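Peer 1:
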Amino acid sequence: MPDWTDLKRRADERHERLRKLMPPDTPVLAPAEAVLKALCEETGFQEHPLAPTDSLLAGALAVLERDFNVIYYASGPGISPERQRFSRAHEFAHLEIHPDLSTDSFAEEGDQLLLFQLPCDGASEVQTLQSYSPRMRQELEANLYAAELLLPAPRLRQAFLQENWDFQRICAETGLSEECVGAQLASALLLPPLPAPKPPVSPSPPQDESQYRAAVSTEKRLLVEAGPGMGKTRTLIARLAYLLQNKTPTEKILALTFSNRAAEEMRSRLREAVGPVADRVWIGTFHAFGYELICLEANLLGLPPVPKLLEPLEAALLLYNELDTFDLQELLDLAQPDLVLPDIVTCIARAKDELCGPQCYRELAEKELVNALNPTEQKRARVALVVAEIYRRYQELLQEKGALDFGDLLMRPVELLRKSQSARNRWQAKYQHILVDECQDMNRAAVSLLRWLSERCESLWLVGDTRQAIYSFRGSAAINLQQLEQLFPGLERVALQYNYRSHPRILTLLKQLADHSSNAQTSSEAERPPEWQAVRQGHSEAAVVYGRPQTEEEETAWIAQTARLLQKRGVPFEEQAVLCRKNQQAAAIAHALLKRGVPVQLVADPLSQPAVRRLMALLALSSGGSGLALLSLGTLPDYAVPEADITKLLKAANAHNASFPGALALAQQLPNLSEQGRNGLQRLQDDLIACAQGGADIWRFCVRYLFQRSRWIRELLQSQTDLEALLQRSAIYQFLQMTLGWPGRTEQEVSQFVTYARLLIRTGTNRRLRLPPELCHTNALQVMTVHQAKGLEFTAVYVPGIVKGNYPARGRAALVSPPRALLQADHAANEDDLAEERRLFFVALSRAKDYLFLSAPYYRGRRELQESPFLHEIPELTPLRRAPEAWPGVFSSLSASNETAVPAPRSKEYRLVGRPLSEEAFTASALECYFRYCPKQYYYRYVLGVEEPQRAPYLCFREALDATFRWFLQSQRAGQPPTCDHMKSHFLEQYRNHRLSTDNVHGRLLQNCALQVLLPNAHTLLSARPQLQPGWSLSVALGGGSVRTAFPLVEVADSQVTILCWQPRPLKDKEKNRPLYSLLYEGATQTWPEHSIVVELVSLYDGNSQEVRGQTKHARARIEKFTEALQGIRQGDFPAKGNAWECCRCPYLWACDRHFDLGEEDSEEE
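End of the sequence shown = 1166 in UniProt numbering, gap-free, step of one.
1. Any contact of the stretch 182-197 with the stretch 206-213, i.e. 3+ C-beta pairs under 8 angstroms?
2. So, using beta-carbon positions, are V803 and S855 closer together than 7 angstroms?
3. For H1091 and E1071, what's the separation of their Cα atoms in angstroms?
4. Provide the residue span of the beta strand (DSSP E) that contains F853, from first to last.
5. Can you check DSSP and say which residues form a bridge with P1030?
6. What's the C-alpha gap between C929 and Y942?
7. Any idea which residues DSSP pairs W452 with across the strands?
8. Measuring CB to CB, does L417 end up less than 7 angstroms from G290?
9. Could you say if the stretch 1104-1122 and the stretch 1070-1086 meet the contact criterion of at least three C-beta pairs nearer than 8 angstroms?
10. For the candidate residues L150, L29, R135, whose alpha-carbon lies nearest to that of F86?
11. Skipping 5 residues on each side, what residues in its chain have a beta carbon closer than 6 angstroms to that of E435?
12. For the pair the stretch 1029-1040 and the stretch 1122-1132, tell me if three or more CB-CB distances fall below 8 angstroms.
13. So who's on the other strand from N499, going by DSSP bridges?
14. Should Q1056 be labelled buried (16 or more other beta-carbon atoms within 10 Å of its own) or exposed?
15. Just the C-alpha distance for S524 and E492, rounded to the nearest angstrom, thanks.
16. Along the chain, where does the beta strand (DSSP E) that runs through S1099 open and close?
17. Where E177 and L309 are concerned, what is the direct C-alpha to C-alpha distance, given to the nearest angstrom?
18. Using the C-alpha atoms, what's the distance from T778 back to R234?
19. Could you give the DSSP three-state label for E947: helix, strand or coil?
20. Can you look up E1142 in the DSSP assignment and give me helix, strand or coil?
21. Is DSSP giving W1062 helix, strand or coil here?
22. How would you call K908, buried or exposed, if buried means at least 16 neighbouring beta carbons within 10 angstroms?
23. Please state the DSSP three-state secondary structure of Q601.
24. Near S846, what residues of its chain come up, given a Cβ to Cβ distance below 6 angstroms and the 5 sequence neighbours on each side ignored?
25. Using the C-alpha atoms, what's the distance from G805 back to E864?
26. Ordered along the chain, which non-local residues of its own chain (more than five positions away) have a Cβ less than 6 angstroms from that of A534?
27. Could you spell out the range, first to last residue, of the alpha helix (DSSP H) harbouring Y954?
28. Need the endpoints of the alpha helix (DSSP H) that Q788 sits in, please.
29. Three or more C-beta pairs closer than 8 angstroms, one from the stretch 323-341 and one from the stretch 360-378: is that the case here?
30. Could you check the C-alpha separation between F707 and A611 for me, to the nearest Å?
31. Would DSSP call A563 helix, strand or coil?
32. Is P68 buried or exposed, if buried means 16 or more other CB atoms sit within 10 Å of its CB?
33. Less than 7 angstroms between C-beta atoms, sequence neighbours within five positions excluded: which residues of the same chain meet that for H1002?
34. When the Cβ atoms of the stretch 783-798 are set against those of the stretch 328-335, are three or more pairs found closer than 8 angstroms?
35. If you drop the 5 nearest sequence neighbours on each side, which residues of the same chain put their C-beta closer than 8 angstroms to that of N1104?
36. With a 10 Å radius around its C-beta and 16 neighbouring C-beta atoms as the bar for buried, classify V63 as buried or exposed.
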């Protein structure tokens, strides 16, 4: 990612120089016109206004003419003064920071997106991609410099925090737009102040022999094998510098990589080596290059000049509206039909990575179905055929909309270069020298594109390390080096030999793990054993430590102790990192360290942070919904609405069928509302109206709220030492970047963003963030996943939780997978299933320079954990093992440390005194909500009695089916068994009675499934069992009290009673283990003590059934969950639980300040 620290510092320093040319009484924030006037005086340039239609402007807002010492700018109708001022400052920025740019024009493209520090990871992938061309980068730099020059961060902080200027006053006093002021306020207030300039770094040592040989190679095709810490980037930069020094035109060089961070590092280091000429070399990602090629060849591809790019979730939403046109079969989830869409989009993306179109996908699926050997394989193949049909329709939709997805950015250029001789000639003649970084991450599409581009080039130079290929979860299949030699005939290999990063003992571990990885393949395909040599000398302190704490809490205490001791010995927190396998593990460790007083910088999804949840609650309240977000917003200090008043308002809104935010007006009419609550709700309503004024988009709405209306944000900003406040500020900053470009003028548009945020949480898409560079300057312990740490290095690295389930990981299985032949297309021969997990472990260890701390706790809660098998592949670790009671520390003083945890804040206690609960609160379904899902969800729903006014369509659908079955059984027992058609007619009547509609996709899917599958099967089942009768309610007596439930269907014979439980979907493998069914068995036993009991589960979808076993220890344990729930409810114990997969489906998501804690399981993999 770009680090704009120096650019901003230059702008701040220049602003202070310019103030000397302004009047002495200039306020803390100078008017933009005063800054521009001082710029003219300092530079000697003149400004000339022109009509917007003047030919000198050529449609631009401003034009720089360096040769004539003049800046022309548009002035007149349709040009706002705020935009005009910024466009003039933009050209002055070019004048300062791009001395080789003789002319420039600032076009009408908007400054909002560019004012944020794109390309950045808080923004969308589309924004990041589009901002990386060399020309766009220059414009971005000019915008950032201009914004900082007009509104320097130090003065913004002074004005906002010390002199109480608010957002509107800053806009009015400076004469700048809300976009400019809002973006600068976010940067100045939410990010730490710019650090002091670092002292000049000592010059790098001269290139070693292997690096020099690789940099100046005259081979036409060369592969440089570069292990971790071998100076890979340094060698690549040396290669680029060598080409430029040999008079290679910049436009003839193409440098490709796979991440924006790697591209930015290449660009900045090349600039250090050769100066501004570096900016004219095309350096970027494969996907950014593919997008540029598509734009330039749009006519040949039948696309608009600038095709719209869809992010994965946008692709999923595009397919959602077509779902009822597909025969989804096993893919249909009646409760959440969109649940499978992200996995389908992933399958399509993987197919495109393998250059497999819809027809190819269908052929592979058909072949898999023919070769299937068992029902599981047959089901997998049938699902693949469904995906093939969805893939076909998806491509039609993309073409109709003139849009692309990310898979197209490589596949479409490959198709074009293969089919069009003219395009192939143009692009093969365009570049003489092509360089590829991280070549081990190339998939089939990237390799194919590279083969077409490099066919006639003078040199192809690749660098990478197969041992660091860790991105198969994104669709990248690891390519071994032998494959590259086959794909690029004549490819020579050279290996870098010297490791400049790691302590010799750490390097020994890496070599042992690398040796094991090599030996896992057959001798014919084995990689060369590494011959790495350590350049650094060892020191007397132990560099590698491994131990087994008793628990994860003790493990975190070890990390906290060691981090403090290392800091005292001169290793700042920012040079220490905790690398975790999963995001939830990282979040839990970060919060545990915060409780122990260790400053932490967490690389995490901002949507998981409480401060961002408040903003999402605000948006949810504005989206025309139920108002459940009031449970969070109303209790803020800004409003201080008592919980009882919130509950009354929500119930009144339901009674009046009123949606929010309009329902807030009811607060002024409701009796028995406290004056405090009434006033707080009025303030909240006023804030929402002010933020939405003028049809604000999502970003503007949030900025107005944060910097104009809210009061809690000032408290969050005032504290510069509160560790949690620092974490929340950075999360807000990243969230604001996420909202860029989202419309919000209507409740529907806001609702779409709220839905999008839920999808981000569910799919984990937002977890691939990296920190803005400014946050990396804070002196805090870095906590991140191993994937996020790729390409980084730290003096000290902690790798916690090295147990089975983490290494290798155990995560949520995908709902849909591509055909096996597609997955195996580029799979390295004889590679075992653990290969990528082993490589991930290797990457984690290789980030360490001086200290490496490895730990594997014995227990998570009450569950015993086992060491990762990867630990046994490193013989060097054997003598490093320590007894669990002794911390295997680096320093002898560690075990004597008196470090104690900072007392954690007490969780909120909920009192039930004066809150009589309804009978519904003690039903089996309510108690299952408590122990299966989340006690806090139970609290909201059954203790406070607030829930969504519109019941979930799936629940209404089940009730319509149940009513139909009861009617059928009653008619059958009366001697008038209905026909299947009569049954369908009665269902449709019930469907309408339950307010279900076919005006939406979900409603049509439910109705179609019932009419075509469920009702015919149900008619057959019920007709064949004439003794069945509708069930009834009952109370089941347990040790802790009685639980209300109901028998679905009952069949009573002479000596046997059968409880028939139906499901409208296929049964899960362990469906019978659900506690509810054990409770029904117990209830039947109490009702018919003399009969034998059978609880039978049957699927109306496919007819499969399962039988529930009762009177076993497992059944008793499942029933005990109801007793434990009753006890927890009476004690007022309502903690928030559940993982991201479950939380994203909770209606109270934005009302909850859920934090993940140690000892909890994460069901999702990175």
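By construction, the Cβ of each residue, glycine as well, lies at the ideal position given by its N, Cα and C atoms.
As the structure is a computational prediction, the values presented were derived from the model and not from experiment.
Peer 2: Walking through what the data contain:
1. no
2. As a first step, residue 803 is located in the sequence shown; it is residue number 803 there, counting from the start. As a first step, residue 855 is located in the sequence shown; it is residue number 855 there, counting from the start. In this structure, S855 does not lie closer than 7 angstroms to V803 by Cβ.
3. For the purposes of this step, residue 1091 is taken as residue 1091 along the sequence shown, with counting starting at 1. For the purposes of this step, residue 1071 is taken as residue 1071 along the sequence shown, with counting starting at 1. Going by the C-alpha atoms only, they are around 24 angstroms apart.
4. By one-based count along the sequence shown, residue 853 stands at place 853. Where F853 is concerned, the enclosing beta strand (DSSP E) stretches over 848-855.
5. What you label residue 1030 is simply residue 1030 of the sequence shown in a count that begins at 1. According to DSSP, P1030 bridges with L1049.
6. Within the sequence shown, the letter at position 929 stands for residue 929. Within the sequence shown, the letter at position 942 stands for residue 942. Looking at the two C-alpha atoms, the distance is approximately 10 angstroms.
7. Reading the sequence shown from its first residue, position 452 is the one you call residue 452. According to DSSP, which records beta bridges pairwise, W452 is partnered with nothing at all.
8. For the purposes of this step, residue 417 is identified with residue 417 of the sequence shown, where counting begins at 1. For the purposes of this step, residue 290 is identified with residue 290 of the sequence shown, where counting begins at 1. Contact: no.
9. yes
10. Locating residue 86 in the sequence shown gives position 86, where the first residue counts as 1. Cα-wise, what sits closest to F86 is L150.
11. The residue you call residue 435 lines up with position 435 of the sequence shown. Per the sequence shown, residue 435 should be read as Leu rather than Glu. For L435, where only same-chain residues beyond five positions count, the Cβ hits under 6 angstroms are A255, W461.
12. yes
13. Position 499 of the sequence shown, counted from the first residue, corresponds to residue 499. Paired residue(s): A534.
14. Looking up residue 1056 in the sequence shown gives position 1056. So Q1056 counts as exposed.
15. Along the sequence shown, one-based indexing puts residue 524 at 524. Along the sequence shown, one-based indexing puts residue 492 at 492. Reliability fails at S524, whose pLDDT of 41 lies under 50, so the model's placement of it is uncertain and the value that follows must be treated cautiously. Roughly 18 angstroms separates the two Cα atoms.
16. As a first step, residue 1099 must be located in the sequence shown, where it is residue number 1099. Here the beta strand (DSSP E) through S1099 covers 1092-1099.
17. Locating residue 177 in the sequence shown gives position 177, where the first residue counts as 1. Locating residue 309 in the sequence shown gives position 309, where the first residue counts as 1. Per the sequence presented here, residue 177 reads as Ser, with Glu not at that position. Cα to Cα, S177 sits roughly 28 angstroms from L309.
18. Here the question's residue 234 lines up with position 234 in the sequence shown. Here the question's residue 778 lines up with position 778 in the sequence shown. C-alpha separation (whole angstroms): 26 angstroms.
19. In the sequence shown, counting from the first residue as 1, residue 947 sits at position 947. In this structure, E947 counts as coil in the three-state DSSP scheme.
20. Residue mapping note: residue 1142 aligns to position 1142 of the sequence shown, counting from 1. E1142: helix per DSSP, three-state reduction.
21. Indexing the sequence shown from 1 puts residue 1062 at position 1062. If DSSP states are grouped into helix, strand and coil, W1062 belongs with the strands.
22. Translated into positions along the sequence shown, residue 908 becomes position 908. Any reading at K908 must be qualified, since the residue scores a pLDDT of 48, below 50, and its modelled position is unreliable; no value is offered.
23. Mapped onto the sequence shown, residue 601 falls at position 601. Correct three-state label for Q601: strand.
24. Counting from one through the sequence shown, the residue named residue 846 turns up at place 846. The answer, listed in chain order, is P228, L510.
25. Within the sequence shown, the letter at position 864 stands for residue 864. Within the sequence shown, the letter at position 805 stands for residue 805. Whole-angstrom Cα-Cα distance: 12 angstroms.
26. Your numbering for residue 534 matches position 534 in the sequence shown. N499, P504, L507, listed in sequence order.
27. The residue you call residue 954 lines up with position 954 of the sequence shown. Y954 -> alpha helix (DSSP H) spans 953-973.
28. As a position in the sequence shown, residue 788 is number 788, starting the count at 1. 786-789 is the extent of the alpha helix (DSSP H) around Q788.
29. no
30. Residue mapping note: residue 707 aligns to position 707 of the sequence shown, counting from 1. Residue mapping note: residue 611 aligns to position 611 of the sequence shown, counting from 1. Using only the alpha carbons, I get a separation of about 14 angstroms.
31. Stepping through the sequence shown from its first residue, residue 563 is reached at position 563. Three-state DSSP puts A563 in a helix.
32. Start at 1 with the first residue of the sequence shown, and residue 68 comes out as number 68. Looking at the sequence shown, residue 68 is not Pro but Phe. Exposed, by the Cβ-count rule.
33. To locate residue 1002, count along the sequence shown from 1; it is residue 1002. Excluding sequence neighbours, H1002 sits near P337, P953.
34. no
35. Translated into the one-based positions of the sequence shown, residue 1104 becomes position 1104. Excluding residues within five positions, the ones whose Cβ falls inside 8 angstroms are P1066, L1067, V1098.
36. What you label residue 63 is simply residue 63 of the sequence shown in a count that begins at 1. So V63 ends up on the buried side.
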